[in-house]
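2 protein chains.
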Amino acid sequence: MAKENSENPRFICGLHATLHVISGKWKPLILFFLNKGPTRYGELKRSVRGVSDKMLIQQLKELESDGIVQRTDYGEIPLRVDYSLTPFGRSLVQAMEPLCGWGEEHEEDIAAAMDRRKASR
Amino acid sequence: MAKENSENPRFICGLHATLHVISGKWKPLILFFLNKGPTRYGELKRSVRGVSDKMLIQQLKELESDGIVQRTDYGEIPLRVDYSLTPFGRSLVQAMEPLCGWGEEHEEDIAAAMDRRKASR
DNA sequence: ACGGATACTTACCAAAAGGTGCATACTTGA
DNA sequence: TCAAGTATGCACCTTTTGGTAAGTATCCGT
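Quick note, the sequences are listed as chains A and B, same order.
Counting along the first sequence from 1, when you hit position 98 you're at 98 in the numbering used here, and nothing is skipped either side.
Each number in the numbering used here corresponds to the 1-based position in the second sequence with 1000 added.
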């Protein structure tokens, strides 16, 4: 009976909600690679250089439970599993594109600011 | 003389770079409120409900060092400082809008997924 | 002179995120 | 039979992040 959709106190704005889904050290990279098509676990691991098994699995599970990616187990004899974007995931990746663009345009400024901060710690 | 802008190993993609700037528990909220115009420290603190002085200052400093917000000290007698978005900051907030939209459209799904995860811990 | 407001700063702690490495169960190839 | 590859799980530890609470310096109203 209360106001529910008018003023949801959970998130301050849509962006805030979105960030809960895409933040995590490896998620943007995973999404980036999955956007190219379904990818097997091992292949993904080799693509996302530097990620550990624990992290890769963990982030994939979160993305899966958020309905962003889909895990497919082919039940085949030498273990075979792959991951792909759901339609929901594809819509997210689309919405991310302007941020990708902004990041690309200002990559150098961002990197410089990061260095400055790291240096002054 | 090496390849520098062709294959920068720093970020895997633009989005990755952008996330370095906007991630932080209070940053999206701060940006959200600053988008409405210059805001004094105390006012901002009252707007961003629940934030502590330490966090608010820290995130403002990071946003400032990234060139996203501008701090203005009026040097007036009862202390007076305000924060506003720089043009760079405004361009960022613009690029964030699609993500805001996506978040708004799917707020309920996102919240539901968060609850599911929290419940199963 | 005292309490409250302004805009911070600092020290200390707890919680969350992330990393390392070993273990599993099954298979294929040497 | 042994090593290597497949896709995970688990325990332990460090780093990063965020929270609490206090202190600072200046000013104003009473």
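Ideal Cβ placement from N, Cα and C applies to all residues, glycine included.
The structure displayed is predicted, hence computed values, not measured ones.
Residue state for valine 48 (chain A) is assigned as coil, using DSSP reduced to three classes. Look at the stretch 3 to 39 of chain A and you find these whole runs of alpha helix (DSSP H), each 4 residues long or longer: 14 to 22, 27 to 34. Remark: C-beta atoms of phenylalanine 1033 (chain B) and glycine 1067 (chain B) do not approach each other more closely than 7 Å.
Here the stretch 1056 to 1074 of chain B makes contact with the stretch 1022 to 1040 of chain B; the two share three or more CB pairs at distances below 8 Å. Linking threonine 1039 (chain B) to arginine 1046 (chain B) through their CA atoms gives a straight-line distance of about 11 Å. When Cβ-Cβ separations below 7 Å define contact, methionine 1055 (chain B) makes no contact with chain A. The DSSP-derived three-state label of aspartate 1073 (chain B) is strand. Taking 7 Å as the CB threshold, valine 1069 (chain B) stays off the interface with chain A.
Remark: C-beta atoms of alanine 119 (chain A) and arginine 1010 (chain B) do not approach each other more closely than 7 Å. Spanning the alpha carbons of glutamate 107 (chain A) and leucine 31 (chain A) requires a straight line of approximately 19 Å.
In the DSSP assignment, leucine 1085 (chain B) forms a beta bridge with B:Val1069. Put simply, of A:Ile12, A:Gly42, A:Ala113 the residue whose alpha carbon is nearest the alpha carbon of arginine 80 (chain A) is A:Gly42. Using a Cβ-Cβ cut-off of 7 Å, leucine 34 (chain A) is close to nothing in chain B; its nearest Cβ partner there is about 13 Å away.
In the three-state reduction of the DSSP assignment, serine 1091 (chain B) falls in the helix class, which pools H, G and I. Under the three-state reduction of DSSP output, arginine 1117 (chain B) falls in the helix class. Scanning B:Met1114, B:Asp1115, B:Met1096 for the CA closest to the CA of lysine 1027 (chain B) turns up B:Met1096. Using a 10 angstroms sphere on the CB of glycine 75 (chain A), the tally of other CB atoms stays under 16, which defines it as exposed.
Counting C-beta atoms within 10 angstroms of its own C-beta, threonine 1018 (chain B) has 16 or more neighbours from the protein chains shown and is therefore classed as buried.
The Cβ of arginine 10 (chain A) sits closer than 7 Å to at least one Cβ of chain B. Secondary structure at leucine 79 (chain A): coil, using DSSP grouped into helix, strand and coil. Burial is judged here by how many other beta carbons sit within 10 angstroms of a residue's own beta carbon; glycine 103 (chain A) has at least 16 and is buried. Residue environment: glutamine 94 (chain A) is assigned as exposed (fewer than 16 neighbouring CB atoms within 10 Å of its CB, all protein chains considered). At a cut-off of 7 Å between beta carbons, valine 1051 (chain B) makes no contact with chain A.
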